[in-house]
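Oh and the sequence shown: position 20 is 56 in the numbering used here, straight run, nothing missing.
Glycine residues also receive a C-beta, built at the ideal position from the N, C-alpha and C atoms.
Report on one structure; see the data block that follows.
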Amino acid sequence: MSEILIRYFHFIGIITLSCTLVAQNILIKPQLDGPTLKKIGRFDAIYGIAAVVTLVAGMLLWLSVGKPKEFYTSNPLFHIKVTLFIIVALLSAAPTIFFFKHRRNPPTSLSVPKHIRILKHSEMLFLIILPLLAVFIAKGIGI
37 MSEILIRYFH FIGIITLSCT LVAQNILIKP QLDGPTLKKI GRFDAIYGIA AVVTLVAGML
97 LWLSVGKPKE FYTSNPLFHI KVTLFIIVAL LSAAPTIFFF KHRRNPPTSL SVPKHIRILK
157 HSEMLFLIIL PLLAVFIAKG IGI
């Protein structure tokens with residue numbers, strides 16, 4: 037039963053993380069008004085929580101429930117998947133800091149630097165690859 041709940045939270049985390057990242061990418065424009073900036077900030081906070089839930093559930097699935105940890109640890113694709121997850125987390129740092137700085141007292145109009153938009157798009161690109169790797173790993177491909 038605990039494995040089922042942990043897998044459920046892992047999936048909910050992944051789905052929430054994906055949805056909030058898509059929402060942020062839809063909302064981010066070169067110029068933002070105050071209400072949109074607040075929405076992006078809220079989505080970013082939910083995104084962060086979802087990333088933590090996904091990470092904790094994934095670590096539990098790897099190290100304590102489900103398949104033996106060697107099943108994952110011995111697979112190079114698993115290491116690529118973990119590395120990509122870390123890259124996505126690192127890519128999200130600069131946009132999170134940018135939006136957090138301006139969330140409390142949003143200006144009437146804010147210019148979003150191009151590199152912030154590129155980072156958010158890059159997160160999407162890497163995030164799209166993760167489920168494919170997960171399917172390969174679950175099927176034992178790469179061992």
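When you compare each of the options to residue i by their alpha carbons, which one comes out closest?
i	options	result
residue 42	79, 70 and 96	96
residue 180	120, 102, 171 and 155	The requested residue 180 does not occur in the structure, where the chain is confined to residues 37 to 179.
residue 179	146, 138, 116 and 121	116
residue 148	71, 66 and 113	66
residue 158	48, 37, 92 and 61	61
residue 46	118, 94 and 101	94
Within 10 angstroms of its Cβ, does residue i collect 16 or more other Cβ (buried), or is it exposed?
i	result
residue 80	buried
residue 128	buried
residue 163	buried
residue 44	exposed
residue 109	exposed
residue 39	exposed
residue 57	buried
residue 131	buried
residue 68	buried
Since I believe residue j is in contact with residue i (beta carbons under 8 Å), could you give me their beta-carbon distance rounded to a whole number of angstroms?
i	j	result
residue 142	residue 74	6 Å
residue 114	residue 77	About 33 Å; that fails the 8 Å criterion.
From residue i to residue j, what does the alpha carbon distance come to, in whole angstroms?
i	j	result
residue 151	residue 169	27 Å
residue 52	residue 87	9 Å
residue 125	residue 64	18 Å
residue 175	residue 85	29 Å
residue 140	residue 173	42 Å
residue 36	residue 98	In this structure the chain extends from 37 to 179, so residue 36 is not present and cannot be described.
residue 106	residue 70	49 Å
residue 72	residue 82	15 Å
Would you mind stating whether residue i and residue j have Cβ atoms separated by less than 8 Å?
i	j	result
residue 50	residue 90	yes
residue 177	residue 120	no
Within the present structure, is the beta-carbon of residue i separated from the nearest heavy atom of the ligand GDP by less than 7 Å?
i	result
residue 73	The ligand content of the structure shown is nil, which means the ligand GDP is not present either.
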